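Residue numbers (the working numbering): 1 to 787.
Backbone N, C-alpha and C fix where the C-beta goes; we use that ideal spot for every residue, glycine too.
Just so we're clear, the structure is a prediction, and the values are computed from it rather than from any experiment.
Here is the structure we will look at.
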């Protein structure tokens, strides 16, 4: 049969019984998959180890239905009240007119607004779990910030718990940053169970260095309804256990180090490390992990008691940039006991206030609670509560980091974090445990690359808000990389202007085009695991080789946010399936191999950079030395060039002394690698890892209505869902880059909640259960079904 598209196969099957039997051939549907997604599905085979990777017919029909559904779908608000009884519902119907009158009256207090991205804990096998977000407001009279964390059961969307707490002063706020179930040993140690945790970050907004007077002026100009209580800088993290009946227990209060711009947390144990937490976890035994081995290198066990309690130990990894001289990638690691401690400070029970002297939350003395409107509580003298848990290590992951992604799934890659850069023309892959670079992916492509490039012109392209630094990039290979230190730039600019005054007026001036830089990373599998096929077979545990055959993809969204004149958005896709096929052990320590001779200065830097250096293995030593030497070489190249930036010109002209540039050794933004060996997690030689590159460019001559000021994005199989700040959802086909559907306003729904069409402020977009798209807005959660 020559028919290879889904619609035609379905029509052929309706001709007669013989054709109906013919189209049950899975290879026909596999060919239809390759025909429809030749690039996105490249290197995905029909079967592996003599077994079909998926029910190809069921999967392809689902994809077609999904794409058709995205052309015309709508959203509805999620219920934020507990389910009411029939009697109460009947009584409310009789007083509906009174409710409408009350809705028209202005509220007496500031309402709670959602400001947190949605966090989800959904089992990949049975598609059930918990979703949660937070609502917040400032209470003017008590000068406190008030918070409600809402938990819904999925897929019923039944509200099962509202978790409340207050913080003082009002500029201290909190945010739910994660919810996760992990494997833990049972109390008797004879089996395993799934334990669900959720984590709250307490912190403050990042006010960009404004002084107090400027802050007050800005706050006066803003309406209370528009005020945001962002938690940009994390000061503390509270970890709670969430039981099946909705009750909670605070089991950890962790102090966060430095100026940490936290993004997410990841919890793990010895039983869950690099293992799937899906399913019932009723196994009587599971293979041992190497967690103890590498943990003894980065932070050795301090006492025998800690080793005895290791089966109750939970580790927490906090991930995000850290603000130092520049934006650096960072992870912070803490550990705590599952059983908790009796004297832990729980802000949901004990009123707390931020103590600037000790730089931590402390209980509010009883004599002040009444004035804050908190009432009388049990005795909570400060000395009765234990100190916050300290981070056991803080690890840096490169500089000039624009975005980060931790590979939570597949679990075999839990030790890897990929970062984007404001400077380098590559993405970096780090083994966060040791802070060493173990791989890289190209951000730009060469002329002979077989990447599929597609460009769409757009006249209404708006870029996201600029970051707290200047981002200027250079395409010409003869130009040096730019120094982002403002004081140095100003000094070099004055020097350049003085030299130009002495030289001819026609001195060389090079216009600097601003590069597109990544601001978001997302990973997915082309073939979803645990696909519930029509034959009803029970899903099995996937090995790393199995998942590698499913097509592991990395998706990046980037823009040139520093250029107001030439707006551009790029969406890029890499095939990173090879990560699951890498066999690399950093704990290898070849005793017969002599250690490389290094200079005293290099040894000092290695010792300062890596706290584990005295306990290093030969493999760790090899990669650490290479990474430091490469960074030193890059700095040396940069120091050889003298240049300045004209920051007053919108065209970003670069004025430089061409006499100092060596033509035979041009400097580029592309890193010069001094590697004598290929990094273990870099693409194998000959593999073109970048598959797709979609560009949306501004062109006044060919107008198209494609807004690209996207706040967030997420991926569902072959579709990319992008959310704008004003509540517009755009659906894009990843293969072609074409827009397959648009929802101009997700709040265009009718019901008791809204008597007229309203506009919402978009915060985040999530894909849940493989069938629902959930938009988190300031006004509430909105869900839409697309399959």
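Is DSSP giving residue i helix, strand or coil here?
i: residue 547; result: helix
i: residue 296; result: helix
i: residue 166; result: strand
i: residue 618; result: helix
i: residue 747; result: coil
i: residue 273; result: coil
i: residue 625; result: helix
i: residue 423; result: coil
i: residue 185; result: strand
i: residue 790; result: This structure does not reach residue 790, given that the chain is present from 1 up to 787, and the question cannot be answered.
i: residue 733; result: strand
i: residue 541; result: coil
i: residue 833; result: It is not possible to answer for residue 833, since the shown part of the chain is limited to 1 through 787.
i: residue 311; result: helix
i: residue 779; result: coil
i: residue 678; result: coil
i: residue 553; result: strand
i: residue 409; result: coil
i: residue 361; result: strand
Let me make sure I understand the geometry here. Which of the options has the alpha-carbon closest to that of residue i?
i: residue 39; options: 739, 692, 781, 771; result: 692
i: residue 568; options: 558, 577, 575; result: 558
i: residue 560; options: 388, 421, 547, 741; result: 421
i: residue 41; options: 63, 721, 631; result: 63
i: residue 294; options: 347, 433, 782; result: 433
i: residue 135; options: 175, 409, 358, 122; result: 175
i: residue 738; options: 67, 271, 352, 617; result: 67
i: residue 243; options: 626, 78, 130, 412; result: 130
i: residue 272; options: 231, 232, 180, 255; result: 180
i: residue 245; options: 263, 122, 195, 73; result: 195
i: residue 793; options: 289, 234, 259, 117; result: Here the chain has residues from 1 to 787 only, and residue 793 is not among them.
i: residue 768; options: 721, 115, 733; result: 721
i: residue 145; options: 127, 605, 171, 635; result: 171
i: residue 280; options: 111, 191, 627, 777; result: 191
i: residue 297; options: 616, 150, 329; result: 616
i: residue 206; options: 230, 186, 193, 197; result: 230
i: residue 771; options: 124, 365, 696, 310; result: 124
i: residue 435; options: 409, 523, 586; result: 586
i: residue 602; options: 679, 542, 625, 428; result: 625
i: residue 137; options: 150, 193, 111, 153; result: 111
i: residue 581; options: 543, 126, 606, 353; result: 543
i: residue 516; options: 622, 696, 597; result: 696
i: residue 574; options: 541, 265, 584, 444; result: 444
i: residue 81; options: 151, 711, 387, 30; result: 151
i: residue 597; options: 622, 169, 115; result: 622
Measure the alpha-carbon distance for residue i versus residue j and round it to whole angstroms.
i: residue 572; j: residue 555; result: 6 Å
i: residue 240; j: residue 599; result: 48 Å
i: residue 113; j: residue 139; result: 13 Å
i: residue 199; j: residue 677; result: 41 Å
i: residue 391; j: residue 519; result: 28 Å
i: residue 614; j: residue 590; result: 16 Å
i: residue 774; j: residue 546; result: 30 Å
i: residue 326; j: residue 261; result: 12 Å
i: residue 553; j: residue 233; result: 31 Å
i: residue 527; j: residue 188; result: 39 Å
i: residue 291; j: residue 731; result: 41 Å
i: residue 59; j: residue 759; result: 36 Å
i: residue 620; j: residue 389; result: 29 Å
i: residue 322; j: residue 405; result: 15 Å
i: residue 411; j: residue 341; result: 30 Å
i: residue 413; j: residue 141; result: 49 Å
i: residue 365; j: residue 249; result: 23 Å
i: residue 120; j: residue 766; result: 9 Å
i: residue 289; j: residue 525; result: 25 Å
Could one say the Cβ of residue i lies closer than 8 Å to chain D's Cβ atoms, at least one of them?
i: residue 610; result: Protein chain content of the structure displayed is limited to a single chain, and chain D is not contained in it.
At a threshold of 7 Å, does residue i count as lining the ligand SAM (C-beta to nearest heavy atom)?
i: residue 321; result: The model depicted lacks the ligand SAM and carries no ligand whatsoever.
Q: Please specify which runs of the alpha helix (DSSP H), each continuous and at least 4 residues long, are wholly inside the stretch 27-94, giving them in chain order.
A: For secondary structure counted as the alpha helix (DSSP H) over 4 or more consecutive residues, the stretch 27-94 holds these complete runs in sequence order: 56-69, 86-94.
Q) If you pair each beta-carbon of the stretch 395-408 with each one of the stretch 353-363, do three or more pairs fall below 8 Å? A) Taking 8 Å as the limit for Cβ pairs, the verdict is that the stretch 353-363 does not touch the stretch 395-408.
**Q.** Validate contact between the stretch 605-617 and the stretch 410-420 using beta carbons, cut 8 Å, 3 pairs
**A.** Cβ pair count under 8 Å is below three, so no.
Q) With contact counted as at least three CB pairs below 8 Å, one residue from each stretch, are the stretch 160-177 and the stretch 337-351 in contact? A) Yes: the two stretches touch, three or more of their Cβ pairs being nearer than 8 Å.
Q.
Suppose only complete runs of 3+ residues qualify. What are the beta strand (DSSP E) ranges in the stretch 232-259, listed by chain order?
A. The beta strand (DSSP E) runs of length 3 or more contained entirely in the stretch 232-259 are, from start to end of the chain, 233-242, 248-255.
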